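Numbering (the working numbering), first residue to last: 4 to 1047. Every residue gets a Cβ at the ideal spot worked out from N, C-alpha and C, and that includes glycine. As the structure is a prediction and not an experimental result, all values here were calculated from the model. What follows is one structure encoded as structure tokens, with my remarks underneath.
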Amino acid sequence: MKMFKGHRSLDLLVMVWAFLMGFLFLCQRGWTLNLHADAPTVYSGPTGSYFGFALDFFQDSKGSMNVVVGAPRANTSQPDVIEAGAVYLCPWKPNGSNCIPIEFDTKGDQMAKLGIVTMKTFKSKQWFGASVNTWKQSIVACAPLQHWNAIGNKEETTKTPVGSCFLATGDRQKFSEYSPCRNVQMHSAYNSSSGEKDKRYCEIGFSFTISQSGRLMLGAPGGYYFTGLFYSVALSNVEAKYPDSSSVLLWYVNSELITEDYITNKYDDGYQGYSVALGEFNEDSTSQEYVVGIPNMSLTQGAVEILTWTDKFHILWTISSEQVASYFGHTVAVADINGDGKDDLLVGAPLFMERRSDWKLYEVGRVYLYLQRRSPRPYRTPWQKLTGRDVYGRFGMAIAPLGDIDQDGYIDIAIGAPFAGKDGGGQVYIYCGHSEGLSASPSQILKSPFSESAGFGFAIRGASDIDFNGYPDVLVGAFRTNKVAVYRAQPMITLKAHLSIPDVLDSESKTCPGAQASCFNIQMCVRMLGKNIPSEIELNTELQLDHMKQKFGRRVLLLQTNQPSQLFQLKLSKKIPLTCKNVTAYLRDQADFKDKLSAIVVSLNFSLASFSRTGILQPILSGQLMVQEQTRIILDCGEDNICIPDLKLSAHTNEAFLLIGAENVVLIQITATNAGEGAYETELVAELPFGAYFQRANSSTQKLICNFRKTNETQLVSCEVGNPMKSHTEIKMDLELSISQLEDANSSIAFVLQLKSKNSQKPNSNIEWLQVPLKVDAQVELFGISIPATTVLPWTIENFKNKSNDVDDYGPKIEHIYRLQNAGPSTVSGADLLVYFPSHFWKGSLLYITRVSTEGNIVCLSTNETNPLKLNVQKPTIAPSNWHWRERRDVSFSTFKEHIEVNCSSQLCAVIHCQVGTLERGHGAMVTIHSVLWLPSFQEFPKQLLIQSRAQFIATGMPYNIQPEVLPNGAALAKTLVEWVNPDAERDIPIWWILTAVLVGLFLLAVFIIVLWKTGFFKRKRPPTEDEEQLTHDPGVQSAGEGQ
């Protein structure tokens, strides 16, 4: 029965680690961020209490920072209660401190009367502290497994885990409770309603979050009998409506919002509310949207829904998982990752399985990033996927926005894998945000500081500054070892450095003392920026000359030491805006080296000198830790030693237009010339529109090296075409690009091309603009088919005077099926489909419509012609599967005698109007008209009939900024031949059949005789008789040959 499923939701979250064995050690390199990972501050809780299962920052009314930690298996002083769970307050100190329990609830199990009903709460093993969150000076903690029962005279509600949450306000002096799933409805009432709106297994507070305005969103994955639900209520209303009397166990809070009980099968056992988040995901900034994880939806497929509230909750978007049973939606988080001012969504699937090179599946976990973009289906495809590496590491079990840790203007993210790393102790991966999403690999990895298998990373919280140094810090829970680690962010010193050297070096200009070599000046300048950084620091500085060459092949050296490098210290101060240093270097004699064309690269590297100050974390250097510039040796630049090129560029493409929705390939043919002097570091720069991706570049005259990069949201491809590009050089090249994602484009896209060099005068060519028009085109076809195509019926028809209530007793079943298929490449927004179906013949029915079924994104309007006599129609036992359409050989209806053609031009027809939704490339929609050939209409004179239905469609539009001149449209027929035969009559054989058979037989006989004659069959010797055989063997008889 449905009532016996129990507490599966929380059991999976808590016990998921029980079967994990054989973890792999993560060997993945990542650069160090500014979290001080060497010596975190550690708080400890009671043994076996699961201290660290949930946690949050908390700033009290005095401004002091604390850590609030849930320990859902802790024992308390509540009378006669075992492992009720507790929430601890841990005051912040750099070296840690003792944690004290917050007395949310000091009472044991409670009992109260409501009329004849006795209400009870059960608090043993209620898992109080399984979820914890703070808002301003308020603390909310929940006990999702608190049980409830209501007992009447003869029956009871049943002892079930409704769950309960507690609110602490007023410097933790006032406590309120909120348990909206409690009810006094008896068990029999739920049985009679098949479990609809059954909130007895809510487990309220399994997940929850609080908005910036103080609105509470509570997930209850066991609600509606494990369909799941969530509540939304203002904290102020929870506090205001809490009754003063402790004897009251059932009360209601005004203005609470709740999701509906979804009846559709896909929500069965879906666990809606397993994870929750709040964010802004539509154009209405006055109200927040609700993000809810449903990891078991659609038979473990998993999904995340984004909902908004008007008069009830409405689903804005549904995001489906790419893999069954990956527990997609186990975790959800909202943050503006790319800094565009819009909330983005992260979804965890900790059971995701990756197929590796050995073709085996490994459970590693995955996190999906969905950037909020303006498009018809913005969340159909994730912008980025981050995949774990440790088998059974549960990567993505926790996701936490951390704020801007490194102060680069973008939100950073922490992802927990509580069973990854050495001995399965757990790890936390820090990913930096940027304009294109998250860093592809973790910027920092926090490894478990605890020796045993700790569950480190099961709970993570960030975005709060616990030590008031201006940088957000991070909390990480390790519930299996009953500890919490606090990681403080170190101050970031951002360096802005500048290296100045001449653009070119002239070996003929002897400027060194004694005029023996060409000297030049190198100027190094640096300044520091940052929040709460020291007033003075010292940098270890390394200068490297021509560092791309081997040490003994370098072409420039320092004048003072004759060495290609130098180490020295620079002292920076906030009082001095810019600190500079100058050195002199020289170009060696050209006879001492061969390479005179490649660039001479000068680099400058910085590192922080020793830093030791009591009570202050050592800062971290960021920014321009390494700068480099390059110069070149002047060659063949005329008398003035200044090369002035004359670069020209021409380009064209043979593509007349591009199709939206197709995988387009554009070949740009380019001619680059230099009619002037040598051009150094010459490159072709192509600015690509959105949706264009570089594939390759070819040239018959030289090898091209091309790079793809982004500059200020602009996509660029740069190809080196000469260094130098000599005078009177012409280079022809082909640039191949793939073009897609044109759904938001206008009537055309443009490519901008230019030649650029490093020369000081006339460095660039003309700008070449190439515009390619865009078009939309969708090959939409309509197919029609009849099942069966031919129906053969006996001449004798049953007497239908005794009417039957079963529709199958009136004639054979006939189905006319129409399928609308979009072969692409473009998408169709929708279409209107009309089916004209011959339902009447003379004075009676012809094809009696029993029902109309659809498959795909199509809805057909109801019609009065469907089963007007209300006869019994047998429902199909198997849902229609995908129909494989093939070209069918047409039946030659002319071979049948005198058939009557029945169609909608001669008879009264039923019109079925269907509306087709969005059809993407390769998608289709199908409508089937189920009918019965109405035999009572043919009792007097059966006729052979050719019954034709007709369907026609026209597309309503396309989801693009441009539209085709003519929208897709078309028509199709479905034909059914009805043949009547007399089973008792002899069938006449046509005379021409007999004549043909005789002539063919005679012809085959003649051919057979000729073949025998040709093979000598008629010339063979007859076998001898017995007398001839005796004569032949008589010894007294000799042949003529023997007698001579």
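Quick test of your reading: residue i and residue j, contact by CB under 8 Å. State the CB separation rounded to the nearest angstrom.
i, j, result
"Gly273", "Asn299", "5 Å"
"Leu949", "Lys978", "6 Å"
"Met495", "Gln410", "5 Å"
"Ala700", "Asp737", "7 Å"
"Gly99", "Thr44", "5 Å"
"Val70", "Val489", "7 Å"
"Lys534", "Gly626", "Not quite, the Cβ-Cβ distance comes to about 13 Å (not below 8 Å), so this is no contact."
"Ile309", "Val327", "The pair is not a contact, with the Cβ atoms about 22 Å apart (cut-off 8 Å)."
"Thr931", "Glu771", "56 Å between Cβ atoms; not a contact."
Return the chain-ordered list of same chain residues with a C-beta closer than 6 Å to the C-beta of residue i, the five sequence neighbours on each side being excluded.
i, result
"Gly296", "Tyr277, Ser278, Val307, Gly332 and Val335"
"Ala958", "Val831, Ala834, Leu970 and Pro971"
"Glu545", "Leu570 and Asn608"
"Tyr181", "Cys168 and Val241"
"Lys729", "Gly681"
"Ala3", "Lying outside 4 to 1047, the shown extent of the chain, residue 3 is not represented and no answer is given."
"Pro828", "Leu662, Gly664, Ala665 and Arg924"
For residue i, count the other beta carbons within 10 Å of its own beta carbon; 16 or more makes it buried, fewer makes it exposed. Which is it?
i, result
"Phe614", "exposed"
"His317", "exposed"
"Asp407", "buried"
"Met114", "exposed"
"Asn152", "buried"
"Cys863", "buried"
"His843", "buried"
"Pro727", "buried"
"Asn825", "buried"
"Trp995", "exposed"
"Val251", "exposed"
"Ser760", "buried"
"Phe229", "buried"
"His731", "exposed"
"Ser940", "buried"
"Gln1", "Missing from the structure shown is residue 1; the chain here goes from 4 to 1047 and no further."
"Ile103", "exposed"
"Ser249", "exposed"
Spatial neighbours of residue i within its chain, please: C-beta separation below 7 Å, excluding the five flanking residues on both sides.
i, result
"Asp339", "Lys345, Asp346, Asp347 and Ile414"
"Ser378", "Glu746 and Asp747"
"Asn524", "Asn585 and Thr587"
"Glu784", "Gln824, Ala826 and Gly973"
Can you name, in chain order, every residue of its own chain whose Cβ lies under 8 Å from the Cβ of residue i, other than the five neighbours on each side?
i, result
"Phe211", "Ser134, Asn136, Val143, Cys145, Cys168, Leu219, Met220, Leu221, Gly222 and Val279"
Compute the Euclidean distance between the alpha carbons of residue i and residue j, then round it to the nearest angstrom.
i, j, result
"Ser290", "Leu319", "14 Å"
"Ala492", "Ile536", "12 Å"
"Lys505", "Asp592", "Contrary to the premise, residue 505 reads as Pro rather than Lys in this sequence. For Pro505 and Asp592, the distance between alpha carbons rounds to 18 Å."
"Asn156", "Lys202", "22 Å"
"Lys315", "Ile261", "8 Å"
"Ser687", "Leu773", "Just to set this straight, residue 687 is Leu in the shown sequence, not Ser. Near 15 Å, if we compare the C-alpha coordinates of Leu773 and Leu687."
"Cys722", "Cys709", "4 Å"
"Glu455", "Pro475", "28 Å"
"Tyr371", "Ile433", "15 Å"
"Met961", "Val779", "8 Å"
"Gln633", "Glu733", "26 Å"
"Lys363", "Tyr382", "29 Å"
"Leu758", "Thr582", "37 Å"
"Ile965", "Ser444", "39 Å"
"Ser503", "Met527", "7 Å"
"Phe840", "Asp809", "22 Å"
"His190", "Tyr270", "23 Å"
Closest Cβ-Cβ distance between residue i and chain B: below 7 Å?
i, result
"Glu818", "No chain B is present in this structure, which holds just one protein chain."
Practice task
Write down every uninterrupted run of the alpha helix (DSSP H) in the stretch 194 to 275 whose length is 4 residues or greater and which is fully enclosed by it, in chain order.
Solution key: With a minimum length of 4 residues, the continuous alpha helix (DSSP H) runs that stay inside the stretch 194 to 275 are 226 to 229 and 238 to 244.
Handout entry: Sequence ranges, alpha helix (DSSP H) only - wholly within the stretch 271 to 333, length at least 4
Key = The qualifying runs are 300 to 303.
Exercise for the section: Starting from the N-terminal side, write out each stretch of the beta strand (DSSP E) that is 3 residues or longer and does not extend beyond the stretch 817 to 857. Expected result: For the stretch 817 to 857, whole beta strand (DSSP E) runs of length 3 or above, ordered along the chain, are 833 to 841.
Exercise for the section: May I have a chain-ordered list of the beta strand (DSSP E) segments no shorter than 3 residues that lie completely inside the stretch 911 to 977? Expected result: Qualifying beta strand (DSSP E) stretches, in chain order: 912 to 919, 927 to 936 and 947 to 960.
Problem - Entirely enclosed beta strand (DSSP E) segments - the stretch 532 to 569, minimum 3 residues - result: For the stretch 532 to 569, whole beta strand (DSSP E) runs of length 3 or above, ordered along the chain, are 539 to 548 and 559 to 561.
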